[in-house]
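Reading through the structure tokens given below for one structure.
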Amino acid sequence: MAIRTSLELSRGIFAENKVKDAVDLFKKLVRQKICEPNEITYATVLNELSKRGHTDKTLSLLRLMEQGSTKPNKKNYSIVVDALCKDRNLDAAIDLLNEMKLKGIPPDIVTYNSVIGGLCKLGHWEKVKTFFSEMVNLNIYPDVRTFNIVIDRLCKEGKVEDGEEVMKHMVGKGVEPDIITYNTIMDGYCLCGQRDIARIVFDSMINKKIEPDIISYNILINGYCKEKKVDEAMQLFCEISHKGSKPNIVTYTTILQGLFEVGRTDDAKNFFDQMLSTGPTPDLYTLLSMVILSTDLLKKLCYSFISWKERENTDIIFYIIIINGL
DNA sequence: AAAAACTAAA
Numbered sequence: 001m002a003i004r005t006s007l008e009l010s011r012g013i014f015a016e017n018k019v020k021d022a023v024d025l026f027k028k029l030v031r032q033k034i035c036e037p038n039e040i041t042y043a044t045v046l047n048e049l050s051k052r053g054h055t056d057k058t059l060s061l062l063r064l065m066e067q068g069s070t071k072p073n074k075k076n077y078s079i080v081v082d083a084l085c086k087d088r089n090l091d092a093a094i095d096l097l098n099e100m101k102l103k104g105i106p107p108d109i110v111t112y113n114s115v116i117g118g119l120c121k122l123g124h125w126e127k128v129k130t131f132f133s134e135m136v137n138l139n140i141y142p143d144v145r146t147f148n149i150v151i152d153r154l155c156k157e158g159k160v161e162d163g164e165e166v167m168k169h170m171v172g173k174g175v176e177p178d179i180i181t182y183n184t185i186m187d188g189y190c191l192c193g194q195r196d197i198a199r200i201v202f203d204s205m206i207n208k209k210i211e212p213d214i215i216s217y218n219i220l221i222n223g224y225c226k227e228k229k230v231d232e233a234m235q236l237f238c239e240i241s242h243k244g245s246k247p248n249i250v251t252y253t254t255i256l257q258g259l260f261e262v263g264r265t266d267d268a269k270n271f272f273d274q275m276l277s278t279g280p281t282p283d284l285y286t287l288l289s290m291v292i293l294s295t296d297l298l299k300k301l302c303y304s305f306i307s308w309k310e311r312e313n314t315d316i317i318f319y320i321i322i323i324n325g326l
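Residue 326 is where the first sequence ends in full-length UniProt numbering, and the numbering goes up by one at each step.
Right, dumping it as structure tokens:
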């Protein structure tokens with residue numbers, strides 16, 4: 001297991017370097033006019049850069065595109081707007097959105113959703129309202145995703161009631177909540193310690209013929225574990241396979257942690273064995289949390305290494321060493 | 001042929 005994990009991690013590290021090299025090469029080929037990629041190729045590269053947090057590079061690649069013969073289209077701009085939003089650089093994102101309008105490439109629902117999401121994350125609720133009005137004025141109507149983004153941020157800030165209000169509002173506008181809306185609200189209730197209401201939401205979505213998915217189960221299981229009601233969590237766990245869903249690594253990790261928190265280490269061990277034989281492959285986090293939770297001695301040992309790691313900033317190598325060592 | 005936005009454990 002440890003060796004496999006190390007290998008997977010190493011592959012990840014090398015893949016990361018490869019992407020950087022690939023982008024440098026890509027830019028060079030474009031600049032020297034050795035090749036001229038189309039919009040989709042550009043979009044793919046922009047996405048990879050955005051995913052890995054190289055927001056500045058997405059912007060410079062977009063500018064490079066503007067100078068070439070393949071002009072950026074709506075999706076290319078939107079990817080960069082989204083990257084800037086994820087980077088919490090809302091001023092730049094909004095500038096770019098306005099630039100799109102000036103260039104006659106009108107932003108669409110996706111562009112607006114990115115900006116609204118970014119503004120919500122920063123808690124700029126007044127600006128969120130402004131953008132809602134702006135998009136409606138342009139005949140772009142908020143969809144279920146737009147509302148889900150807003151509801152999620154409200155819930156994460158502990159304002160579940162406001163989230164419920166937004167949900168009522170969307171229904172009034174003829175936009176039906178989907179499974180993500182319900183999951184978001186459930187998680188919101190769990191986050192503020194109202195697991196009982198989360199359970200009511202869970203049951204009400206079943207009544208509305210929306211089948212809970214594995215994420216719905218994981219949210220509620222996590223809520224029960226936080227309350228130290230591990231038996232109730234276990235009962236839900238058993239329901240999953242009867243309802244045609246399948247527990248995933250999040251489900252197992254959540255229950256394992258719940259069992260450890262209440263000191264049921266034997267049950268945790270059995271549950272871990274059950275996962276190894278019939279469940280998903282544990283990820284690095286599962287293994288590490290098992291190790292950390294296992295004994296106080298190892299816990300202290302790991303923590304002393306973790307603070308060393310933070311100084312040295314070599315986290316991945318560090319985890320490989322710890323897991324191999326153990 | 002291939003591209004963009006929303007939900008769960010740490």
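Don't be surprised by glycine CBs; every beta carbon is placed ideally from N, CA and C.
Using a 10 angstroms sphere on the CB of threonine 181, the tally of other CB atoms reaches 16 or more, which defines it as buried. Taking each of Ile249, Lys209, Asp266, Thr278 in turn and checking the Cα distance to isoleucine 179, the smallest one comes out for Lys209.
Remark: C-beta atoms of leucine 84 and glycine 118 approach each other more closely than 9 Å.
Assigned with DSSP and collapsed to three states, cysteine 192 falls in coil, not helix or strand. Taken in chain order, the complete alpha helix (DSSP H) segments of 4 residues or longer contained in the region 45-83 are 55-67. Short of 8 Å from the beta carbon of valine 144, and not among the five residues preceding or following it, lie these beta carbons of its own chain, in chain order: Met170, Val175, Glu176, Pro177, Asp178, Ile180, Thr181.
As for any alpha helix (DSSP H) of minimum length 4 sitting wholly inside the UniProt repeat "PPR" (108-142), the runs are 109-121, 125-137, ordered along the chain. Closest in alpha carbon position to tyrosine 189, among Asn222, Asn207, Gly172, Lys71, is Asn222. In the DSSP annotation of this structure, the continuous segment of the alpha helix (DSSP H) that includes cysteine 225 starts and ends at 214-226.
Counting along the chain, the unbroken alpha helix (DSSP H) around glutamine 235 starts and ends at 230-242.
Residues of the same chain with a CB within less than 8 Å of the CB of isoleucine 79, apart from the 5 flanking positions on each side, are Ala43, Leu46, Asn47, Ser50, Thr58 in chain order.
In the same chain as proline 247, and ignoring 5 residues on each side of it, the C-beta atoms closer than 8 Å to its own belong to Ile214, Tyr217, Phe237, Ile240, Ser241, Gly279, Pro280, in chain order. Note that the C-beta distance between isoleucine 185 and glycine 163 is below 9 Å. For serine 294, the uninterrupted alpha helix (DSSP H) run begins and ends at 284-294, by DSSP.
Put simply, the backbone Cα of glycine 104 is about 13 Å away from that of leucine 138. The Cβ atoms of alanine 93 and valine 81 lie closer than 9 Å to each other. For arginine 31, the secondary structure class from DSSP, reduced to helix, strand or coil, is helix. Within the same chain, Val30, Glu36 come within 7 Å of glycine 68 by CB-CB distance, once the 5 residues on both sides are set aside.
Rounded to whole angstroms, the separation of the alpha carbons of valine 160 and lysine 168 is 12 Å.
For asparagine 270, the uninterrupted alpha helix (DSSP H) run begins and ends at 265-278, by DSSP.
In the three-state reduction of the DSSP assignment, isoleucine 180 falls in the helix class. In this structure, cysteine 192 keeps its C-beta atom at 9 Å or more from the C-beta atom of arginine 153. Annotation: the continuous alpha helix (DSSP H) that includes threonine 146 extends over 144-156.
DSSP, read as helix, strand or coil, puts lysine 173 in coil. Annotated three-state conformation of asparagine 89 is coil, per DSSP. Here the alpha carbons of lysine 101 and lysine 27 stand approximately 27 Å from one another. Taking the Cα positions, valine 136 is about 20 Å away from tyrosine 77.
For proline 106, the CB contacts under 8 Å within the same chain, skipping 5 residues up- and downstream, are Lys74, Met100, Leu138 in chain order. 9 Å or more divides the Cβ of proline 212 from the Cβ of threonine 253. In the DSSP assignment, valine 262 falls outside any alpha helix (DSSP H) and carries neither an H nor an E.
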